[in-house]
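Enquirer: Pasting a structure here, questions to come.
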Amino acid sequence: MFSFIVRRVGYAIPTLLILIIASFLLMYAAPGGPFTTERALPPEVLKNIEARYGLNDPLPVQIWNYIWNIVTNFDFGPSFKYRDRSVNDIISQGFPVTLTYGIWSFIFAVVVGLTLGIVAAIRHNTAMDYTAVGISISAQVLPNFVMAPILVLIFTLGLFRLTDGQYYLPGGGWNGGQIEYVIMPVIALSTSYMANIARLARSSMLEVLNSNFIRTAKAKGLSERKVILKHALKPALMPVISYLGPAFVGMATGSVVVDMYFSTGGMGQYFVNSAFNRDYSVMMGITILIGVLTITFNMIVDIVYAWLDPRIRLS
Amino acid sequence: MKFTTMLKMASATAVVAAMTSGAYADSHVHPETGEKLAADQTFTYRLLDGIPTLDPQLNEDVSGSDIIRDLFEGLLNQDAEGNLIPGVAESWEASEGNTVYTFNLRDDAKWSNGDPVTAGDFVYAWRRAADPATASPYAWYMDLMSIENGSEVVAGEKDPSELGVEAVDDKTLRVKLTSALPYFASMVTHATTFPTHQATIEEHGDSWTRPENMVSNGAYKLTEWVLNERTVRERNEMYWNNEDTILDKVVTLVINDENVALTRYRAGELDKTEVPAGQYPALEEEMPDEAHSFPRLCNYYYTFNLSDKGPEAFKDVRVRKALAYAVDRKVITDQVLQGGQFEAYTFTPAATAGFEVPDVDFAGMTQAERDAKAKELLAEAGYGSDNPLQFDMLYNTSEGHKKIAVAMSQMWKQKLGVEATLANMEWKTFLETRGNQDFELARGAWCGDYNEASTFLDLVTTPSGYNDGKYSNAEVDELMVAAKTSDNPQDNYTRVEQILAEEMPVIPVYHYAGVIMLKDNLKGWPFENVEQNWYSRDLYKVAE
Amino acid sequence: MIAKSEKMDALAENIVEQHAIKGRSLWQDAMARFVRNKAAVVSVVVLALITILSFVGPLFAPWDYETIDWGTMGNAATLGYPSIATGHYFGTDDLGRDIFARTLQGTQISLTVGFLGAAVAVVVGTLYGAISGYVGGTTDNIMMRIVDLLLSVPYMFVLILLLVVFGRSLQMLFVGIGLFAWMDMARIVRGQTLSIKNKEFIEAAIASGVGSFTIIMRHVVPNLLGVVIVYASLLVPSLILTESFISFLGLGVQEPLTSWGALINEGAKTMQYGVIWQLGFPLAFFIVGLFCFFFIGDGLRDALDPKDR
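Which chain is which? The protein sequence lines are A, B and C, in order.
Mapping of the first sequence onto numbering that gives the first Met the number 0: residues 0 to 314, in sequence order.
Mapping of the second sequence onto numbering that gives the first Met the number 0: residues 0 to 543, in sequence order.
Mapping of the third sequence onto numbering that gives the first Met the number 0: residues 0 to 308, in sequence order.
Below, the structure written as structure tokens:
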């Protein structure tokens, strides 16, 4: 196990390096820069600004300085757009927001998704199965930029009018993470993941229920409940678990749509805005953050996988 | 916890909060109008985007300026009509043929930490704005103000201490100009010229603008700033005119989508938001006391690329005129935007102070006459069904711009058989493409830096940094240079507008209106101020 | 659709080929199983109808997708409602353009993005995975490392950057979306290839002196077809969803062209203003279309999954 982790981390470092360099080059290839403004800045003003951010150095020097600052000081540089914030500030403000939404969404998606999927499989080809499949496909095909306004119309405007302004969910914002600010974003964020989990759980459960060892167990006269809980559940969860890694990263790094629609101040907003603003350093910081998270969670999934399934070795 | 319990708890806290503050404000009435004031004096409004900076010298953003005007106070302020009124300076005089300005500062102006506001604070701030080390994107404003040595300091050729501004004593500020600018005084209402607190900046560096560090001299002080989510500013007890300030707290919420903002306005979460394009008539009917439309100091146009990189067709004035004539501006203002915008036949908006809209020939025609003339001109230029005019039409991604571009391209297609291909780009790519003259026809818009026609007409002069169409006419250049020092520049402006109508380097489309929803219990909004320089301390909430 | 008919041709061809190799009518079996799946068959029919409608419908519509109805422009809520009389069967948008014509036009674009994107992913993924699995050893190791690396790239981000850097065009959209979907395909294909590689018929081919590339193309790839088809059928709807997200960001197709995503996005913004048809009709097409793809995907998997046999 230990040598497995060491090796995976060993792979991760060159991966990240390549990621950094590739994004850097791609970023600089984009037309315009962080200081391209509506009224073109006088050249001497632009020169002063570029000098301040080290943008007048040759590209390899810039990349080297960037990586060096990360390695030695864990400093991801200043934001080019938000003058009094460093990338570290922005991430440490935005990431907890996104992570909170991510964790709640993850719990919601896993609990509801698994329940739906397993129930559907056990009651295969019944009305309950069709309902569960219907719900999960609907949840998957309804884009969250449609879901979000519908939620807001119902829970913000609708409830506000129905209760004469007494009760309603605020239509956006974070406000320190009060629970009523979290509900709608979590629903909008988690439904498509929930649907995926439900579909995966259903199909793998069906497969397991049709397999020989379950038939044997049933033939031995074990109760259905016991068969499912003791024998079927664990193997049926395997494919779901391999999906949970990417799903968690997806939710924890924030849905762009949810963050933009609900204006949460979370990472999702920076994700897109930094690209549009050419805020190079923020863009890099977020790319690296997501890269690290993806690698880490894939590794955790592999470890969990090996622990659950004795046939797989961490090699 | 149950859903309903949670909600009740949330509203219970709100009620408690309202009650505690109510004890103080309940008995108050407005000193001038005698209206009964609401218990809760909190004003919440929508921001499109996160504020990039709250540093007065670095700010280049309109919504940033709105906040900075509350947090800091400059030499002069504007009243509800946009007239100059004293700020930190109680009085000022111009001497030596308008090239030296002297400002006398009030004695009771204080910083939020209790320090007095001195002339030295202004000198520090102005030098800081020009200093290359500050690297302010608005450094050119010091140059625009024609302050002595301004451009040399910005270029790094002279030391910031040589900037033509000095503290004669703690309460007297003297500014030397290189040329006599008649409107110089109005320029010091701009955020770039606001004072900043040297000790604070030196102690905290870039992070001096955080709520926990900031020392400011305005009516409000910053108490919360969550990037891309909200800012909160609250009454500054140290402000010299704190007693006359009524609003206790001003909150901004970032809401990217204007439709979401409108929903939240309806749910009572906001006191002010912008009206989405096309929704004003319906909202005006539904909430006549809350929907407002008023003229703004901005224009909207499409510019032809007249540089060498531009298409040959646009070098022909008949083609340019045909396209400009065939745009039915009434359709755009009344059917697309529907927010009380104004049809534009001149580059400068009629709302500009001291500007008389000159007679230009195509403004007087009916649309049918314009269409007929357009067909005639285009045919003369050699374009027709066998040889249709084709070009790309560039605009930046946005719902409103898209609608106008689609409408204009269809007008041209149906009336003239012209094939305009739409090309939208995200903002930075758009700016780069337009700035490099890699376009054929491109959208442009300008909001006045100050309330005078030259802020617009300077854009069509040869040296302008915003003349992306590269229009160049020696007579226009001369007229605009002469207007700078002329006692009666209106004649020059009239002539320039007439030349523009004759040569049509740009297609004026419409002039802006501010179209907002404002809760009817919020009073004091300066609708008459075309620059929309508003100050929270002039606003108040009345009891229902 | 082009991609679709190609796939069907390939399917037909391989029924024959498989027949020759295995001496068993595997594809006919699968076909029979698929036909028994009612949801899947209905989905195929519905999808075919939508596709045909999107090409034939505009011929019968009184308005085209870009022409503005100046009379309704700006009064969509009161004048632009769906009506047979005005010729706007699905109503108009804010600018007075016909939603019926625009929905059909959007359907063409979205389906094309889905199919072409999936085609790019399938071709690249299959070849990559098959080569990696078949060659094995260090090559396999390196090739799979690269896939791992690419999988850890926040791809939405890179896609946004690509669209910004290289400008927005339909081709860029197809390639961009497809290029980011092939990695999973490659992994699955590699796994399958590893197990096929040791089969007798491959050994026989090697023994008779057939070159590696020919073996991959003639013997390995055809045997992967089942997996590939199932995966591709699930890929198409997910790429259509991706396109709708890109449209949400304003990086989708250029006006006056449109897509399901662009239409839905506009409709979602205006739905509080009493013009629900602007959202309703495109969304209905979108949802029905995606439902069909999911059911077809499930049907194909049930039909082609070897474990069920």
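Cβ atoms here follow ideal geometry from the backbone N, Cα and C, with glycine treated the same way.
Does any residue of chain A bring its CB to less than 9 Å from the CB of D490 (chain B)?
Expert: no
Enquirer: Give, in chain order, every residue of the stretch 134–156 of chain A whose Cβ lies closer than 8 Å to some Cβ of chain B.
Expert: P148, V151, L152, T155 and L156
Enquirer: Under a three-way DSSP split, which group does E397 (chain B) fall into?
Expert: Checking the displayed sequence, the identity of residue 397 (chain B) turns out to be Ser instead of Glu. Reduced to three states, the DSSP call for S397 (chain B) is coil.
Enquirer: What does DSSP give as the partner residue(s) for F313 (chain B) in the beta ladder?
Expert: Note: F313 (chain B) sits in no beta bridge, so no partner.
Enquirer: M270 (chain C) touches chain A at which residues, Cβ-Cβ below 7 Å?
Expert: Below the 7 Å Cβ cutoff, chain A contributes P148 as neighbours of M270 (chain C), in chain order.
Enquirer: Count the other CB atoms within 10 Å of the CB of V514 (chain B); is the residue buried (16 or more) or exposed (fewer)?
Expert: buried
Enquirer: When you compare each of C:I228, C:S258, C:D93 and C:R300 to T71 (chain C) by their alpha carbons, which one comes out closest?
Expert: C:D93
Enquirer: By DSSP, does T345 (chain B) sit in helix, in strand, or in coil?
Expert: coil
Enquirer: Kindly examine the ligand PLP and report whether one of its heavy atoms sits closer than 8 Å to the Cβ of R442 (chain B).
Expert: As far as ligands go, the structure on display features none, and thus does not contain the ligand PLP.
Enquirer: List the endpoints of the continuous beta strand (DSSP E) containing E424 (chain B).
Expert: Looking at the sequence shown, residue 424 (chain B) is not Glu but Met. Counting along the chain, the beta strand (DSSP E) containing M424 (chain B) begins and ends at E418 to M424.
Enquirer: Can you tell me whether DSSP reads T155 (chain A) as helix, strand or coil?
Expert: helix
Enquirer: What's the C-alpha gap between S131 (chain C) and R186 (chain C)?
Expert: 9 Å
Enquirer: Using a C-beta cutoff of 9 Å, does V226 (chain C) count as contacting chain A?
Expert: no
Enquirer: Just to confirm before moving on: does the CB-CB distance between M250 (chain A) and I186 (chain A) stay below 9 Å?
Expert: With contacts defined by Cβ atoms closer than 9 Å, M250 (chain A) and I186 (chain A) do not form a contacting pair.
Enquirer: Name, going along the chain, the residues of the stretch 209–221 of chain B whose beta-carbon falls closer than 8 Å to a beta-carbon of chain A.
Expert: Residues of the stretch 209–221 of chain B whose Cβ lies closer than 8 Å to any Cβ of chain A, in chain order: R209.
Enquirer: Residues of chain B with CB closer than 7 Å to the CB of V44 (chain A), please, in chain order.
Expert: P136, A138, W139 and V153
Enquirer: Expressed to the nearest angstrom, what Euclidean distance is found between the alpha-carbon atoms of S104 (chain A) and G244 (chain A)?
Expert: 14 Å
Enquirer: Can you give, in chain order, each stretch of the beta strand (DSSP E) that sits fully within the stretch 450–517 of chain B and has at least 3 residues?
Expert: 505–517
Enquirer: Is it the case that the stretch 43–52 of chain B contacts the stretch 252–261 of chain B, given that we only count it when at least three CB pairs across the two stretches are under 8 Å?
Expert: yes
Enquirer: Chain C partners of N423 (chain B), CB-CB under 9 Å?
Expert: R167, G249, Q253 and E254
Enquirer: Specify the secondary structure class of D301 (chain C) as computed by DSSP and reduced to three states.
Expert: helix
Enquirer: Out of B:F42, B:E285, B:V249 and B:N82, which one is the CA nearest neighbour of A352 (chain B)?
Expert: Measuring from the Cα of A352 (chain B), the nearest candidate turns out to be B:N82.
Enquirer: Using a beta-carbon distance below 9 Å, is S280 (chain A) in contact with chain B?
Expert: no
Enquirer: Residue ranges of each alpha helix (DSSP H) run of no fewer than 4 residues wholly in the stretch 46–83 of chain A, ordered along the chain?
Expert: Along the stretch 46–83 of chain A, the alpha helix (DSSP H) occurs as fully enclosed runs of 4 or more residues at 58–72, listed in sequence order.
Enquirer: Enumerate in chain order the residues of its own chain whose CB-to-CB distance from L377 (chain B) is below 6 Å, with the five nearest sequence positions on each side excluded.
Expert: A321 and L415
Enquirer: Run down chain C in chain order and give the residues with a C-beta less than 7 Å from the C-beta of T428 (chain B).
Expert: V163
Enquirer: Rounded to the nearest angstrom, how far is the Cβ of P507 (chain B) from that of N298 (chain B), given a contact under 8 Å?
Expert: 6 Å
Enquirer: Pair every Cβ in the stretch 85–101 of chain A with every Cβ in the stretch 267–285 of chain A, then say whether three or more of these pairs are closer than 8 Å.
Expert: Counting Cβ pairs under 8 Å, three or more are found: they touch.
Enquirer: Can L238 (chain C) and V112 (chain C) be called in contact, C-beta distance under 9 Å?
Expert: yes
Enquirer: How close, in whole Å, do the beta carbons of E92 (chain B) and T98 (chain B) come, if the pair is a contact with beta carbons under 8 Å?
Expert: So it is not a contact: roughly 12 Å between Cβ atoms.
Enquirer: Just the Cα atoms here: how many angstroms apart are Y465 (chain B) and N276 (chain A)?
Expert: Y465 (chain B) and N276 (chain A): Cα-Cα distance of roughly 20 Å.
Enquirer: Please say whether K220 (chain B) and S64 (chain B) have beta carbons closer to each other than 9 Å?
Expert: no
Enquirer: Looking only at its own chain, which residues have a Cβ that is under 6 Å from the Cβ of V318 (chain B), when we skip the five neighbours before and after it?
Expert: For V318 (chain B), the CB contacts under 6 Å within the same chain, skipping 5 residues up- and downstream, are A312 and A380 in chain order.
Enquirer: CA-CA distance, M141 (chain B) and S178 (chain B)?
Expert: 13 Å
Enquirer: Taking 9 Å as the CB-CB cut-off, is E543 (chain B) touching chain A?
Expert: no
Enquirer: Thinking just about the alpha-carbon of each residue, which of B:A325, B:T396, B:Q531 and B:P357 is nearest to the one in D250 (chain C)?
Expert: Reading off the sequence shown, one finds Leu at residue 250 (chain C), where the question assumed Asp. Distance check between L250 (chain C) and each of B:A325, B:T396, B:Q531 and B:P357 places B:T396 closest, using alpha-carbon atoms only.
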